[in-house]
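Student: Below are the C-alpha cells for one structure; questions will follow.
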C-alpha cells in the first residue's frame with residue numbers, strides 16, 4: 004500500500020471543516036415569536052328592561068321674556084340677574100313724560116266730545132238737530148273715549164310688572180337705554196318647578212305601548228349620590244328630521260334644596276316599564292369589532308388559556324340595532340366572552356394571543 008504524506012494545504016482544509024462543524028453544533032435553537040397582543044372586550048348580558056341613560060337639559064317649566072308694550076328711555080331698573088321677584092313687583096320703568104302729555108290731550112278731547120254728546124242728547128229730543136247729526140256726536144264721543152283709554156294704558160305700559168313669582172335669569176338692557184316696544188328687558192324663570200328634556204331614539208319609542216310610564220330619575224355629575232324623581236309631562240309626536248329622535252319632557256317637582264338651575268346638564272336614567280312589547284337579552288360591542296364575509300357577520304373571541312393567553316375562535320353572530328351603547332348582538336355570544344376589538348384582520352382561528360381587556364359592556 005502506498006502512503007502519501009499529507010500536504011500542508013490538505014491539513015488546512017480539514018482543520019477549517021472540523022472547526023465549522025463544531026461552531027454549528029454550538030448554535031442555540033431559534034426562539035419562538037411571542038403571541039400577538041390584542042385588545043378584548045368582555046361582554047356582559049344586558050336586559051332590554053335594564054336602565055337606560057340619556058343626556059338632558061334642565062329648563063324652567065314656566066318662563067317668560069318680559070318687555071314693555073311701548074317704547075322709550077329706561078329710567079329705572081329694579082331687578083338684577085339672580086334676584087327673586089314676586090308676582091306684581093315693579094321691575095323697570097320708562098320715562099312716561101311724553102305719554103302723560105298725550106294722555107292730557109286725549110282727556111281734553113274726550114271731555115269736549117262728551118259735552119257735545121250730552122248737549123246733542125237734549126237737542127235731538129226737541130228736534131233742534133237731526134237724528135243723523137246726533138249719531139255723529141255719539142260716534143265722536145265713543146272714538147275720543149277710546150283714544151283717551153288707549154293713552155291711559157300707554158302710561159301704565161311704561162311700568163314693567165312681574166307676571167309671576169320667579170328668578171331673574173337674564174337682564175338684557177341697562178338704565179338709560181332707548182328700547183322699542185316688545186324688546187326683551189328681562190328673562191324670568193319660575194324655578195319652583197323644573198323640567199328636563201331628553202331625546203329618545205325611534206327604536207325605543209316604537210316599542211312603547213300607550214299608557215306606558217317608565218320609572219325615571221335625574222342625576223347630576225356634581226351630585227353623584229343624589230337622584231331626583233321625574234314625572235312624565237309630554238312627548239313630541241314628530242321626530243326630529245336630523246336625528247330621528249323624539250323629544251320627551253319630564254317635570255322635576257323638587258330640587259332637594261340644591262341650586263339646580265335652567266341650562267344645567269343632567270343624566271336621565273329610565274327603566275322601561277312592563278308595557279314594552281318585548282324584552283330582548285342582548286350584548287353590545289363596538290361596531291368595528293363585527294366583520295363580514297360570504298358566510299355572514301362574525302366576531303373573533305379569545306378563549307382564555309393560562310395567564311393572559313387566549314386562543315382565537317370565530318363566532319358567527321346576529322346583529323341588531325346600533326345605539327349609543329354600541330351594536331347589538333342578539334345571538335352568537337355568551338356572557339363573559341372576550342371579543343377581540345383591535346387587530347381582527349390579522350386573526351386566524353386557533354392562533355394564540357395575549358389579551359388586554361377594555362372596559363366591559
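Numbering (my numbering), first residue to last: 4 to 364.
Backbone N, C-alpha and C define an ideal beta-carbon position, used for all residues, glycine too.
In terms of alpha-carbon separation, which member of 316, 55 and 325 lies closest to residue 335?
Tutor: Per the Cα distances, 316.
Student: Going by DSSP, what residues sit across from residue 316 in a beta bridge?
Tutor: 304
Student: Less than 8 Å separating the beta-carbons of residue 106 and residue 75?
Tutor: no
Student: What residues in its chain sit with their C-beta under 7 Å from that of residue 352, if we drop five residues either side in the sequence?
Tutor: 315, 316 and 317
Student: Can you give me the C-alpha to C-alpha distance between residue 300 and residue 326, rounded to a whole angstrom?
Tutor: Rounded to the nearest whole angstrom, the CA to CA distance from residue 300 to residue 326 is 18 Å.
Student: Taking C-alpha atoms, which residue in 292, 163 and 199 lies nearest to residue 185?
Tutor: 163
Student: Please name the residue in 293, 323, 77 and 59 whose C-alpha comes closest to that of residue 348.
Tutor: 293
Student: Just checking, does the segment 161–178 make contact with the segment 109–118 on the three C-beta pairs under 8 Å criterion?
Tutor: At 8 Å Cβ cutoff, the stretches do not touch.
Student: Here's a check: name, in chain order, each residue in its chain whose Cβ is nearer than 8 Å to the Cβ of residue 287, leaving out the five neighbours to either side.
Tutor: The beta carbon of residue 287 is closer than 8 Å to those of 46, 49, 326, 328, 329, 330, 331, 332 and 364 in its chain, skipping five residues each way along the sequence.
Student: Return the CA-CA distance between residue 78 and residue 159, expressed in angstroms with no decimal places.
Tutor: 15 Å
Student: When burial is assigned at 16 or more other CB atoms within 10 Å of the CB, is residue 2 buried or exposed?
Tutor: The displayed coordinates of the chain run from 4 to 364. Any statement about residue 2 would go beyond what the structure contains.
Student: Going by DSSP, what residue range makes up the beta strand (DSSP E) through residue 68?
Tutor: 55–70
Student: So residue 165 and residue 92 are supposed to be a Cβ contact under 8 Å. How far apart are they, rounded?
Tutor: 5 Å
Student: With H, G and I counted as helix, E and B as strand and the rest as coil, what does DSSP make of residue 266?
Tutor: coil
Student: What are the start and end residues of the alpha helix (DSSP H) that includes residue 116?
Tutor: 100–129
Student: Let me confirm a value: residue 192 is counted as buried when at least 16 other C-beta atoms fall within 10 Å, else exposed. Which label applies?
Tutor: buried
Student: Can you name, in chain order, every residue of its own chain whose Cβ lies under 7 Å from the Cβ of residue 304, other than the five neighbours on each side?
Tutor: 316, 318, 340, 341, 342 and 343
Student: Can you have a look at residue 99 and say buried or exposed, based on whether 16 or more other CB atoms are within 10 angstroms of its CB?
Tutor: buried
Student: Under 8 Å, do residue 233 and residue 261 count as touching if we go by C-beta distance?
Tutor: no
Student: Taking DSSP's pairing of strands, which residues face residue 43 in a bridge?
Tutor: Note: residue 43 is bridge-paired with 343 and 360 in the DSSP secondary-structure output.
Student: Straight-line CA distance for residue 355 to residue 44?
Tutor: Rounded to the nearest angstrom, the two C-alpha atoms are 17 Å apart.
Student: Please return the same chain residues whose Cβ sits closer than 8 Å to the Cβ of residue 62, not counting the five positions on each side in sequence.
Tutor: 197, 198, 199, 200, 265 and 266
Student: Do you know how far the Cα of residue 256 is from the Cα of residue 203?
Tutor: 22 Å
Student: Does the Cβ of residue 179 have 16 or more other Cβ atoms within 10 Å, making it buried, or fewer, making it exposed?
Tutor: exposed
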